[in-house]
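S.K.: According to numbering that gives the first Met the number 0, the sequence shown is numbered sequentially starting from 0.
A virtual CB, placed ideally from N, CA and C, is assigned to each residue, including glycine.
This structure is a prediction, so every number in the text was calculated from the model and none was measured.
Quick one: the structure is below, and I'll ask about it shortly.
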Amino acid sequence: MLKATTLSFLTDLKANNNKPWFDANRPAYEAAKGDFIQFVTTLIDGLNTIDPAISETPLQAKSCIFRINRDVRFSANKSPYKTNFGAWFNKGGKKLESAGYYFNLEPGRSFIAGGLYMPDATILATIRQEIDYNLAEFESLLMQPAFTKHFTGLNRGEALQRPPKGYAADNPAIEYLKLKSFTSSHNLVDDALTKSSLSKRTIDVFAGLQPFVQFLNRAVG
Numbered sequence: 000m001l002k003a004t005t006l007s008f009l010t011d012l013k014a015n016n017n018k019p020w021f022d023a024n025r026p027a028y029e030a031a032k033g034d035f036i037q038f039v040t041t042l043i044d045g046l047n048t049i050d051p052a053i054s055e056t057p058l059q060a061k062s063c064i065f066r067i068n069r070d071v072r073f074s075a076n077k078s079p080y081k082t083n084f085g086a087w088f089n090k091g092g093k094k095l096e097s098a099g100y101y102f103n104l105e106p107g108r109s110f111i112a113g114g115l116y117m118p119d120a121t122i123l124a125t126i127r128q129e130i131d132y133n134l135a136e137f138e139s140l141l142m143q144p145a146f147t148k149h150f151t152g153l154n155r156g157e158a159l160q161r162p163p164k165g166y167a168a169d170n171p172a173i174e175y176l177k178l179k180s181f182t183s184s185h186n187l188v189d190d191a192l193t194k195s196s197l198s199k200r201t202i203d204v205f206a207g208l209q210p211f212v213q214f215l216n217r218a219v220g
């Protein structure tokens with residue numbers, strides 16, 4: 000579980016996203032960060048029991064958690080800080096482009112997710128080919144009870160309007176092949192974040208994603 004004070008800090012940060020406020024409230028930030036690190040460490044322990052690829056390449060919380068500072072160099076939004084804590088779990092850590100699992104902590108917008116977000120062109124092509132060659136297997140993964148218990152399908156926020164080059168419009172897998180990301184997400188209400196069952200629930204959701212993540216990583220290599 001996470002502490003209510005961690006959620007309160009993120010709520011306050013959203014209302015006061017500036018360096019003077021952040022500097023004045025750094026002790027609260029350090030406490031919230033420490034709470035999230037502890038939670039992420041618990042998730043790593045759980046992932047080690049359900050995903051062999053994770054257990055083969057031991058992760059540490061620091062290699063999974065994203066910095067709270069925003070890169071504002073090319074953004075119209077100059078707010079200096081993110082208003083969420085995020086952690087990405089995959090084989091090799093977040094700097095390696097492979098499919099994995101994600102936890103987003105943000106009051107009102109928390110969720111558990113997994114897959115591979117916006118891979119580069121080469122990896123995208125290999126995933127599309129893997130789906131095209133093994134459509135029946137891929138669809139079966141998305142229909143497994145462990146998956147449908149938590150997810151209603153794949154996110155379609157990033158998708159082509161037309162078939163990608165090399166694929167016909169009547170390809171049976173075309174709606175998957177149009178995707179530029181291969182992810183699915185499970186929303187969390189704020190009340191769930193401070194319950195003692197949060198870690199177990201998160202690992203249960205990750206377990207539903209594991210065959211899907213494994214399929215993507217088979218394509219990635």
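(1) Tell me, please, which residues DSSP counts as bridged to I111.
(2) Among all the DSSP beta bridges, which residues are the ones paired with Y276?
(3) For I64, name the three-state secondary structure that DSSP assigns.
(4) Just confirm the distance between the C-beta atoms of A98 and N216, as a whole number of angstroms; I'd bet it's less than 8 Å.
(5) Nearest by alpha-carbon distance to F102: which of S183, V219 and G220 is it?
(6) Closer than 7 Å by C-beta to K194: which residues in its own chain qualify, once you throw out the five before and the five after it? Chain order, please.
(7) Given 8 Å as the limit, is there contact between the stretch 156-168 and the stretch 75-87, that is, 3 or more CB pairs closer than that?
(8) In this structure, what does DSSP give as the bridge partners for F88?
(9) Just to confirm, are D189 and P118 a CB contact at a threshold of 8 Å?
(10) For the stretch 3-16 against the stretch 159-176, are there 3 or more C-beta pairs whose distance is under 8 Å?
(11) Helix, strand or coil, according to DSSP, for A158 in the structure here?
(12) Please report how far the alpha carbon of F84 lies from the alpha carbon of A60, in whole angstroms.
(13) Going by DSSP, name the residue or residues bridged to L178.
(14) Please report the residue range of the alpha helix (DSSP H) in which G207 lies.
(15) Taking DSSP as the reference, what is the three-state secondary structure of Y166?
M.R.: The structure says:
(1) As computed with DSSP, I111 is found in a beta bridge with F102 and H185.
(2) Any answer about residue 276 is impossible in this case: the structure gives the chain only from 0 up to 220.
(3) Collapsing the DSSP output to three states places I64 in a strand.
(4) Correct: roughly 5 Å between the Cβ atoms.
(5) Selected option, being the one with the closest Cα: S183.
(6) In chain order, M0 place their CB closer than 7 Å to the CB of K194, counting only its own chain and leaving out the 5 sequence neighbours on each side.
(7) Because the criterion of three Cβ pairs below 8 Å is not met, the stretch 156-168 and the stretch 75-87 do not touch.
(8) Its beta-bridge partners are Y100.
(9) No; because the gap between Cβ atoms is not below 8 Å, this pair is not in contact.
(10) No: the two stretches stay apart, fewer than three of their Cβ pairs being nearer than 8 Å.
(11) Shown here, A158 sits in a strand according to DSSP, grouped into three states.
(12) Approximately 12 Å, taken between the alpha carbons.
(13) According to DSSP, which records beta bridges pairwise, L178 is partnered with A158.
(14) That run of the alpha helix (DSSP H) goes L197 to V219.
(15) DSSP places Y166 in coil when its eight states are reduced to three.
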